[in-house]
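A quick write-up on the structure given underneath.
Numbering (the working numbering), first residue to last: 1 to 203.
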């Protein structure tokens, strides 16, 4: 059976309406490629911040999401690996949707300020500063946390200042792991400075 898709459609969500097998068949034909589990894009997919944000927007637009956050936001900014699920901050008391087509969702209820959110490609994202904060404070893996924070500190486009990040972490009252978060930022900053020195010496 031949499967046809709309010419204007950029992203395809598993189960809406095509099943995984149908989308995989289109991928084998070369018309689609996998972005993350449960989400495909029409080929050629030009990978970048805007296109990743549009891909996420195709999923979270069906939710009452306040912001895409955590590892998903880091991936959109190009400083983290492809996430296994889409993490989204929602309004308080909103339950996680069940049996929603597409990538797995991780719904969180963190206290995110309006100033912590920006829109790229139609997707509400935590800002680079807030994403660095979440990586330092909430990521379970030290290595991944330090890598994401370091890349955000190194990025001129992200504009994350290490002292502002430290001050933001210090604002948090009684949060477990505050000292660990500060240690992660310190390690990330040391690595970022060393890379900068290497680049300067190479010029």
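Using N, Cα and C, we set each Cβ at its ideal position, and we do this for glycine too.
Quick one: give me the first and last residue of the alpha helix (DSSP H) that residue i is part of.
{"i": "residue 72", "result": "70 to 76"}
{"i": "residue 131", "result": "128 to 138"}
{"i": "residue 164", "result": "162 to 171"}
{"i": "residue 20", "result": "20 to 28"}
{"i": "residue 142", "result": "142 to 154"}
Taking Cβ positions, are residue i and residue j nearer each other than 8 Å?
{"i": "residue 123", "j": "residue 152", "result": "no"}
{"i": "residue 53", "j": "residue 121", "result": "yes"}
{"i": "residue 33", "j": "residue 45", "result": "yes"}
{"i": "residue 154", "j": "residue 192", "result": "yes"}
{"i": "residue 113", "j": "residue 87", "result": "no"}
{"i": "residue 39", "j": "residue 18", "result": "no"}
{"i": "residue 70", "j": "residue 134", "result": "yes"}
{"i": "residue 68", "j": "residue 125", "result": "yes"}
{"i": "residue 42", "j": "residue 31", "result": "yes"}
Looking at the strands, I want to know which residues DSSP matches up with residue i.
{"i": "residue 106", "result": "87"}
{"i": "residue 123", "result": "120"}
Could you please give the first and the last residue of the uninterrupted beta strand (DSSP E) stretch that includes residue i?
{"i": "residue 33", "result": "32 to 36"}
{"i": "residue 112", "result": "Run containing residue 112: none; DSSP gives neither H nor E here."}
Nearest to residue i by alpha carbon, out of the options?
{"i": "residue 36", "options": "85, 63 and 141", "result": "85"}
{"i": "residue 156", "options": "78, 69 and 13", "result": "78"}
{"i": "residue 143", "options": "129, 110 and 187", "result": "187"}
{"i": "residue 15", "options": "25, 60, 71 and 103", "result": "103"}
{"i": "residue 130", "options": "140, 161, 116 and 59", "result": "116"}
{"i": "residue 118", "options": "21, 57, 182 and 26", "result": "57"}
{"i": "residue 63", "options": "172, 145, 90 and 110", "result": "90"}
{"i": "residue 136", "options": "109, 23, 75 and 165", "result": "165"}
{"i": "residue 177", "options": "189, 190 and 141", "result": "141"}
{"i": "residue 159", "options": "171, 128 and 23", "result": "128"}
{"i": "residue 81", "options": "111, 59, 48 and 110", "result": "48"}
{"i": "residue 75", "options": "148, 110, 189 and 172", "result": "148"}
{"i": "residue 184", "options": "172, 175 and 145", "result": "145"}
{"i": "residue 9", "options": "181, 55, 190 and 139", "result": "55"}
Checklist entry - Can you list the beta strand (DSSP E) stretches of 3 or more residues lying completely in the region 40 to 70, in chain order? => result Fully contained in the region 40 to 70 are the following beta strand (DSSP E) runs of length 3 or more, in chain order: 65 to 68.
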